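Here is the structure we will look at.
2 protein chains.
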Amino acid sequence: MPRDVRMRGFAERADVEEVESFLRQNTTALLSEVVPLLECVGRVLARDVVAEVDVPGFPRSAMDGYAIRGEESFGASDYDPIAFGVIGTALPGNPYPGSVEAGQAVRIMTGAPLPGGADAVVMAEVCQEDLKAGRVEVSEAVAPRKNVGVIGEDIRKGERVLFAGRRLRPQDVGLLSSIGHARVDCVRRPRVALVITGDELLPAGARPSGAKIVDSNSVVMRGLVDRDGAESLPFQILPDVPERIAEAMSNQEADVVLVSGGSSVGQEDHAPRLLSQLGSLDFHGISMRPSSPTGIGRLGDAFVFLLPGNPVSCLAAYEFFAGPTIRRLGGRSGAWPHRVASWPLARKIASAIGRTDYVRVALEEGHAVPLATSGASILSSTVRAVGAVIVPREWEGIAEGDSVEVLLYDEDRSE
Amino acid sequence: MPRDVRMRGFAERADVEEVESFLRQNTTALLSEVVPLLECVGRVLARDVVAEVDVPGFPRSAMDGYAIRGEESFGASDYDPIAFGVIGTALPGNPYPGSVEAGQAVRIMTGAPLPGGADAVVMAEVCQEDLKAGRVEVSEAVAPRKNVGVIGEDIRKGERVLFAGRRLRPQDVGLLSSIGHARVDCVRRPRVALVITGDELLPAGARPSGAKIVDSNSVVMRGLVDRDGAESLPFQILPDVPERIAEAMSNQEADVVLVSGGSSVGQEDHAPRLLSQLGSLDFHGISMRPSSPTGIGRLGDAFVFLLPGNPVSCLAAYEFFAGPTIRRLGGRSGAWPHRVASWPLARKIASAIGRTDYVRVALEEGHAVPLATSGASILSSTVRAVGAVIVPREWEGIAEGDSVEVLLYDEDRSE
Numbered sequence: 040m041p042r043d044v045r046m047r048g049f050a051e052r053a054d055v056e057e058v059e060s061f062l063r064q065n066t067t068a069l070l071s072e073v074v075p076l077l078e079c080v081g082r083v084l085a086r087d088v089v090a091e092v093d094v095p096g097f098p099r100s101a102m103d104g105y106a107i108r109g110e111e112s113f114g115a116s117d118y119d120p121i122a123f124g125v126i127g128t129a130l131p132g133n134p135y136p137g138s139v140e141a142g143q144a145v146r147i148m149t150g151a152p153l154p155g156g157a158d159a160v161v162m163a164e165v166c167q168e169d170l171k172a173g174r175v176e177v178s179e180a181v182a183p184r185k186n187v188g189v190i191g192e193d194i195r196k197g198e199r200v201l202f203a204g205r206r207l208r209p210q211d212v213g214l215l216s217s218i219g220h221a222r223v224d225c226v227r228r229p230r231v232a233l234v235i236t237g238d239e240l241l242p243a244g245a246r247p248s249g250a251k252i253v254d255s256n257s258v259v260m261r262g263l264v265d266r267d268g269a270e271s272l273p274f275q276i277l278p279d280v281p282e283r284i285a286e287a288m289s290n291q292e293a294d295v296v297l298v299s300g301g302s303s304v305g306q307e308d309h310a311p312r313l314l315s316q317l318g319s320l321d322f323h324g325i326s327m328r329p330s331s332p333t334g335i336g337r338l339g340d341a342f343v344f345l346l347p348g349n350p351v352s353c354l355a356a357y358e359f360f361a362g363p364t365i366r367r368l369g370g371r372s373g374a375w376p377h378r379v380a381s382w383p384l385a386r387k388i389a390s391a392i393g394r395t396d397y398v399r400v401a402l403e404e405g406h407a408v409p410l411a412t413s414g415a416s417i418l419s420s421t422v423r424a425v426g427a428v429i430v431p432r433e434w435e436g437i438a439e440g441d442s443v444e445v446l447l448y449d450e451d452r453s454e
Numbered sequence: 040m041p042r043d044v045r046m047r048g049f050a051e052r053a054d055v056e057e058v059e060s061f062l063r064q065n066t067t068a069l070l071s072e073v074v075p076l077l078e079c080v081g082r083v084l085a086r087d088v089v090a091e092v093d094v095p096g097f098p099r100s101a102m103d104g105y106a107i108r109g110e111e112s113f114g115a116s117d118y119d120p121i122a123f124g125v126i127g128t129a130l131p132g133n134p135y136p137g138s139v140e141a142g143q144a145v146r147i148m149t150g151a152p153l154p155g156g157a158d159a160v161v162m163a164e165v166c167q168e169d170l171k172a173g174r175v176e177v178s179e180a181v182a183p184r185k186n187v188g189v190i191g192e193d194i195r196k197g198e199r200v201l202f203a204g205r206r207l208r209p210q211d212v213g214l215l216s217s218i219g220h221a222r223v224d225c226v227r228r229p230r231v232a233l234v235i236t237g238d239e240l241l242p243a244g245a246r247p248s249g250a251k252i253v254d255s256n257s258v259v260m261r262g263l264v265d266r267d268g269a270e271s272l273p274f275q276i277l278p279d280v281p282e283r284i285a286e287a288m289s290n291q292e293a294d295v296v297l298v299s300g301g302s303s304v305g306q307e308d309h310a311p312r313l314l315s316q317l318g319s320l321d322f323h324g325i326s327m328r329p330s331s332p333t334g335i336g337r338l339g340d341a342f343v344f345l346l347p348g349n350p351v352s353c354l355a356a357y358e359f360f361a362g363p364t365i366r367r368l369g370g371r372s373g374a375w376p377h378r379v380a381s382w383p384l385a386r387k388i389a390s391a392i393g394r395t396d397y398v399r400v401a402l403e404e405g406h407a408v409p410l411a412t413s414g415a416s417i418l419s420s421t422v423r424a425v426g427a428v429i430v431p432r433e434w435e436g437i438a439e440g441d442s443v444e445v446l447l448y449d450e451d452r453s454e
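Top to bottom, those sequences are chains L and R.
Numbering-wise, the numbering used here comes out as the position in the first sequence, counting from 1, plus 39.
Numbering-wise, the numbering used here comes out as the position in the second sequence, counting from 1, plus 39.
Have a look at this one:
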């Protein structure tokens with residue numbers, strides 16, 4: 040099927056909103072896979088779950104005490120206790136095998152099955168057992184069904200307990216365990232291929248030397264891909280050789296390809312041309328700062344993101360476009376995943392109408408301070424920053440003292 | 040060294056704040072371990088990191104263009120361009136080997152090392168190169184140092200770039216990569232032993248049957264332990280046999296032991312007695328709902344938490360006491376890790392002065408609705424809930440319509 044190829048020179052830059060809308064419209068969650076129960080926390084349910092059993096599957100005691108026929112305790116008081124013959128014990132997992140007849144009681148622990156014949160539990164605190172005599176004196180009346188958990192009180196057979204699209208919490212998976220699930224249908228985790236190009240790059244773990252710098256973009260991308268619930272495929276740093284880049288970009292296993300470096304319009308920027316030849320380059324050049332050379336397209340079934348090589352541009356382009364797409368493919372929300380805080384702005388932010396800005400800010404004395412740095416190559420600005428402020432395209436900037444919403448980089452609340 | 044053993048009958052219950060304060064005072068971060076760079080995201084730095092190199096280690100071009108001696112461009116304009124002889128090309132990772140003399144220019148790409156002799160870069164957009172003639176006409180003046188990233192502009196050698204206690208973000212690890220770190224000293228992840236007891240329990244993955252129910256607490260705990268940055272040690276469900284429980288509780292590998300089930304004062308509740316014999320039972324019985332039978336103590340170097348077997352009690356006791364301790368051992372914040380939202384309360388919550396309550400609430404029409412359920416055994420209430428409201432011990436309850444802070448169970452913002 041031929042694709043709508045819209046080549047854009049940088050003379051015509053797309054709006055951020057236009058690109059976001061394109062991505063939203065073209066992304067649906069991946070198909071499901073079967074996941075072992077203990078690996079399900081954080082995964083997204085692919086279909087509704089209906090309970091096939093009642094929980095509990097038997098009436099159970101909600102107290103430590105004595106199982107009796109409740110109406111036989113009517114009239115019992117401290118002054119006038121009623122005596123029962125103790126005929127045995129019911130423990131969790133070890134029910135009393137017989138039945139409770141008139142005048143009888145069974146010692147029972149919390150969670151133990153209620154013996155047949157009994158319909159209530161008197162709590163131990165109002166009972167006095169005489170072990171030798173095999174009798175217990177009950178000094179408070181209990182109504183039938185008192186202190187008894189009925190069949191299905193937690194979950195009823197046939198009940199729809201969890202819905203497709205749910206990101207499973209620890210307690211959700213606990214519930215799936217309690218209704219006997221060993222495997223769960225979850226949305227498949229997206230697989231992300233990293234294509235890192237640059238003759239100047241040494242692999243992570245090396246020492247920078249001479250004209251060579253150490254790749255940091257793959258390290259940052261892997262961290263974000265993991266945060267967004269996807270899996271990074273194995274990768275290696277590629278030289279700026281078109282054939283190698285084309286081959287890596289065409290990775291059949293990938294749902295998403297992230298190309299870092301060579302995304303612009305310069306001499307060594309092979310990626311946009313290759314993508315438009317092999318698939319579609321839907322956007323190239325976006326009206327934003329940083330990350331304006333970003334390219335976005337598709338190749339086979341995969342989305343391809345051409346991320347600028349400058350570390351801050353790479354990060355911002357990931358956060359605006361690749362991150363939401365990856366999360367949606369995995370069945371999650373495409374919304375910014377960050378916690379948000381509001382602070383007044385310490386200094387104005389200048390922007391331009393028509394352009395969306397991603398501004399790192401530090402926190403100083405309760406104010407958000409825009410980090411004035413020499414640009415998109417300064418990774419340390421994202422380390423010094425507490426988070427980022429987005430200046431929407433309709434705005435010329437933000438005035439000093441205005442309250443700004445900061446997308447926080449840290450996940451924790453401080454103590 | 041003898042320990043301060045304060046056995047408490049349930050007649051004397053500790054306040055939540057007292058227990059929290061005890062745990063805070065007795066917890067310090069674990070020692071460090073060396074972690075490979077690519078596994079560091081989310082880990083906590085054990086010591087400050089000082090850069091041993093400059094980034095960049097060479098002056099580099101911030102633009103695609105031509106490297107020249109800036110002062111030679113003074114006076115250049117569209118009407119009166121100045122011509123330079125093009126003597127070669129500088130690419131990232133492939134510097135121009137010679138030096139730029141008077142009247143000369145070197146074609147240069149973003150990120151490439153600035154050739155010797157040059158001190159500025161004119162951007163390509165204001166240049167016209169005649170390849171045949173080997174000349175370029177520059178129609179805009181650039182000052183020396185223009186479009187040049189100086190040595191150390193991102194990170195300076197000797198700079199303290201990250202501080203001990205920092206929970207590493209993806210970009211932090213990217214920065215560590217760029218300064219040549221292959222391994223990082225991080226606070227060791229706490230190791231958590233789960234001791235799940237109960238003759239009534241089947242392992243996760245089994246189908247509930249007869250008087251047997253399927254263990255859900257271990258599933259929930261493992262999810263929370265993972266959320267809190269710790270590692271769950273292998274475990275199996277134990278019968279209610281004191282020797283087996285004592286042995287499992289004494290796991291030498293564990294920094295934290297979570298015992299679920301058998302924590303109360305009933306016939307089969309061995310854990311408190313065992314803990315007070317083998318180590319110290321610092322608290323037993325806490326003035327809270329649910330989770331009042333919770334016990335807390337120490338055994339060797341490990342913290343031991345005796346969590347009630349009822350699933351909601353187990354969850355709440357983990358969140359109040361075990362979770363903060365585990366996070367602090369791992370160098371993280373002990374604060375509640377949840378996102379928070381404020382909504383008005385749809386119905387009053389009744390509590391009691393002196394008791395701390397953990398109340399699950401659902402969200403309906405913009406209001407927090409307390410889930411009225413028959414108690415701590417109803418795991419499905421934590422599945423239906425959007426989060427929990429804490430009613431502090433000083434309060435008698437919370438009135439209908441009052442705004443409450445809800446600790447949200449979900450990590451995502453919705454789209």
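C-beta: ideal position from N, C-alpha, C; glycine also.
Everything numeric in this text was worked out from a predicted model, so none of it was measured.
Item	Value
Sheet register partners of C225 of chain L (DSSP bridge)	L:E72, L:L84
Option nearest R410 of chain R by Cα separation, candidates R:T395, R:E404, R:I388	Before going on, a small fix: residue 410 of chain R reads as Leu here, not Arg. Looking at the Cα atoms, R:I388 is the closest of the given residues.
Straight-line Cα distance separating I276 of chain R from E358 of chain R	22 Å
Proximity of R99 of chain R and A157 of chain R at Cβ, strictly below 9 Å	no
Chain R within 9 Å of H220 of chain L, Cβ atoms only	yes
Cα-Cα separation, G333 of chain L to V422 of chain R	Going by the sequence as given, residue 333 of chain L is Thr instead of Gly. Each residue's Cα considered, the two are about 41 Å apart.
Chain-ordered chain L contacts of T421 of chain R [CB-CB under 7 Å]	Q210
DSSP-derived helix/strand/coil call for M102 of chain R	coil
Contact under 9 Å by Cβ, D193 of chain L with T149 of chain L	no
Counted within 10 angstroms of its Cβ, other Cβ atoms place G89 of chain R as buried (16 or more) or exposed	The identity of residue 89 of chain R in the sequence shown is Val, whereas the question assumes Gly. Answer is exposed; the Cβ neighbour count stays below 16.
L233 of chain L, enclosing alpha helix (DSSP H) - first and last residue	Segment 230-236 is the beta strand (DSSP E) holding L233 of chain L; no alpha helix (DSSP H) there.
Beta carbon proximity, N133 of chain L to chain R, threshold 9 Å	yes
Residue of R:C79, R:S257, R:G137 minimising C-alpha distance to L77 of chain L	R:S257
Contact with chain R by A411 of chain L, beta-carbon distance below 9 Å	no
Beta carbon of L130 of chain L nearer than 9 Å to that of D279 of chain R	yes
Which residues DSSP lists as bridging L313 of chain L, in chain order	Per DSSP, none; premise fails for L313 of chain L.
Cβ neighbours of G370 of chain L in the same chain (closer than 7 Å, five flanking residues each side left out)	A68, V83, G204, V226
R47 of chain L to P347 of chain L span [Cα, whole Å]	With a pLDDT of 36 at R47 of chain L, under the threshold of 50, the predicted position of this residue should be treated as unreliable, and no value is reported.
Rounded separation between E168 of chain R and A159 of chain R - CA only	17 Å
Beta-bridge pairing of F322 of chain R - partner residues as DSSP gives them	R:I335
Boundaries of the beta strand (DSSP E) in which V395 of chain L is found, first to last residue	This sequence places Thr at residue 395 of chain L; Val is not what is there. Note, T395 of chain L: beta strand (DSSP E), 395-403.
Continuous alpha helix (DSSP H) stretch holding D211 of chain R: start and end	209-217
Distance CB(L446 of chain R)-CB(W375 of chain R) smaller than 9 Å	yes
Residue-level contact to chain R via CB, R228 of chain L, 9 Å cutoff	no
Distance, A356 of chain L Cα to E57 of chain R Cα	48 Å
F113 of chain R burial status per 10 Å Cβ neighbour count (16 or more: buried)	exposed
First through last residue of the beta strand (DSSP E) which encompasses M3 of chain R	Here chain R has residues from 40 to 454 only, and residue 3 of chain R is not among them.
Reference L241 of chain R; option with closest CA among R:G414, R:K251, R:V234	R:K251
Min CB distance L62 of chain R to chain L below 9 Å	no
Members of the stretch 148-180 of chain R near chain L, C-beta cut-off 9 Å	M148, T149, G150, A151, P152, A163
Where the beta strand (DSSP E) containing Q167 of chain L begins and where it ends	166-169
Stretch pair the stretch 228-247 of chain L + the stretch 113-127 of chain L: three plus CB contacts closer than 8 Å	no
Cut-off 6 Å between Cβ atoms - residues of its own chain near E450 of chain L, not counting five sequence neighbours on either side	none
Within-9 Å CB hit, L418 of chain R to chain L	yes
DSSP state of L458 of chain R mapped onto helix, strand, coil	The structure shown has nothing for residue 458 of chain R, since chain R only spans 40 to 454.
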